[in-house]
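Single-structure report; data block below.
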Amino acid sequence: MKFRNISMMLLLAGMIGFSGCDSDDLKSESVFEDVSQEAKNEFDIWLENNYRAPYNIEFQYRFIDKESDLAYNVIPAEFDKAKALAILVKHVWLDAYSEAVSPDFMKTYVPRIINLTGSYKWNVNGSQVLGTAEGGLKIMFYGVNELDIDNPRINTTNPYESHQVKPIDMNYWFFHTMHHEFCHILTQKKEYDTSFRTISADKFHSTDWINQDDKKVAKEGFVTAYASSEYNEDFAEIYSTYVTNTPEGWQLILDEAGEEGTAIINQKLDLMKEYFKNSWNLDMDELRDIVLRRSAESVQLDLRTLK
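If you count the sequence shown from 1, position 103 lands on 108 in the working numbering, and the numbers rise without skipping.
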C-alpha cells in the first residue's frame with residue numbers, strides 16, 4: 006500500500022504542475038537538437054541526382070562505424086577523392102552498363118549501397134581486400150585515398166603491369182573490382198552453367214592462391230592468381246578481366262597461357278558469353294567496347310567539378 010500512496014502523490018503533483026503551465030503554447034519543434042542529420046552540401050545534392058534518383062544507390066562517402074568492418078584498422082575517405090571517384094564510377098561503370106543494356110537493368114540489379122573507406126584492409130595472409138559485395142546489397146571500396154585526382158590513369162593494355170606503379174591504375178584498384186563484384190551479384194540472381202565448375206576442378210589453389218603468380222597460373226587456364234582460388238572467383242575474374250582489357254591486353258594473357266591454357270580459358274569464356282547473353286541480354290564484347298571508350302574518356306574528366 007505504501008507504494009500505491011507514493012504513486013498517487015506523484016500523479017497528483019504531475020497534474021498540478023501540468024495545469025500550472027497550460028497557458029504556455031506548445032511548439033511542434035523538438036527541444037532536442039537533431040545531430041544525426043548533417044546539412045546537405047553540393048556533393049550530396051549531386052549524389053541525389055546522379056545516384057539515388059536514377060539508380061536507387063546510396064553513395065556513402067562519410068565514415069559510418071556500423072557500415073565498416075571493425076575487425077580492421079581503417080580510415081575515412083578524403084572528401085575530394087570520394088567526389089572524384091563518384092564521378093569516375095558513374096562515367097566508367099554505371100553509365101557503361103546503362104548504355105550496353107538499359108538504365109532499368111542497372112536500377113534493378115546494382116547494389117543499394119556503395120561505401121568508401123580511405124585505406125586498404127589487409128588479411129592475415131598478406132593479401133589486400135580491394136572490394137567486397139555483401140549479398141548483392143552493398144559494395145565496399147578500400148584505398149580511396151590513393152587516388153590521384155589530377156592524374157587519373159586507367160591501364161587497359163597490360164594486365165601484368167606492376168600494381169605499385171604510380172599514379173595508381175584505376176582499373177586494377179577500382180573498376181576491375183566493380184565488374185568483379187557486380188558479376189557476383191548477377192550470378193547470385195541467376196545461376197550459370199554448372200559445367201563451368203568442372204573445367205578446372207583439379208587445378209584450383211584454394212589455400213595458396215596468394216602465393217601464385219598471374220603469369221604462371223595462366224598456363225593452367227586462369228587469368229589471375231585470384232581466379233585460381235575457386236570456381237566462383239574464376240568466373241568473376243575472367244569476366245572483369247575481359248571487359249576491362251583491350252583485345253591486345255587480353256592476348257597477352259593468352260600468350261602466357263600457351264596452347265593448353267588458352268584452350269581452357271576460351272572454353273570458360275564461351276560459356277560465360279552465352280550466360281550473359283541468354284540470362285541478361287548482355288553482349289560482353291559490346292560492353293567491353295563501351296567500357297574501353299569510356300575509360301579513355303575518363304582521363305579528360307574534370308574530377309574536381311560537379312556537373
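We treat Cβ as the ideally placed atom computed from N, Cα and C, and that holds for glycine. Keep in mind it's a predicted model, so treat the numbers as computed, not measured.
With a threshold of 16 other beta carbon atoms within 10 Å, residue 165 falls short and is exposed. Taking C-beta atoms as the reference points, residue 125 and residue 111 fail to come closer than 9 Å.
Counted as a single uninterrupted DSSP element, the alpha helix (DSSP H) harbouring residue 259 occupies residues 252–285.
By the Cβ-count criterion, residue 239 is buried, with 16 or more other Cβ atoms from all chains shown falling within 10 Å of its own Cβ. In this chain, residue 242 is not harboured by any beta strand (DSSP E); it is covered by the alpha helix (DSSP H) spanning 236–249. Comparing alpha-carbon positions, the option among 234, 149, 150 and 215 lying closest to residue 207 turns out to be 234. Rounded to whole angstroms, the gap between the alpha carbons of residue 273 and residue 197 is 11 Å. A Cβ-Cβ distance of about 6 Å is found for the pair residue 66 and residue 82, placing them in contact under the 8 Å criterion. Beta bridge pairing from DSSP links residue 65 with 120. Secondary structure at residue 309: coil, using DSSP grouped into helix, strand and coil. Taking 9 Å as the cut-off, the Cβ atoms of residue 281 and residue 244 count as close. The alpha carbon of residue 216 has as its nearest neighbour, out of 204, 80, 189 and 232, the alpha carbon of 232.
With fewer than 16 neighbouring CB atoms inside 10 Å of its own CB, residue 168 falls in the exposed class. The three-state reading of DSSP puts residue 219 in helix, counting H, G and I together.
By the Cβ criterion, the segment 87–103 is in contact with the segment 299–310, since at least three pairs of Cβ atoms, one from each stretch, lie closer than 8 Å. Around the beta carbon of residue 252, fewer than 16 other beta carbons lie within 10 angstroms, which makes this residue exposed.
Annotation for residue 204: the continuous alpha helix (DSSP H) segment containing it runs 201–204. Under the three-state reduction of DSSP, residue 100 is assigned to helix. At least 9 Å separates the beta-carbon of residue 189 from that of residue 249. The segment 210–229 makes contact with the segment 253–270: 3 or more CB pairs, one atom from each, lie closer than 8 Å. According to the DSSP assignment, residue 169 belongs to no alpha helix (DSSP H), since it is labelled neither H nor E.
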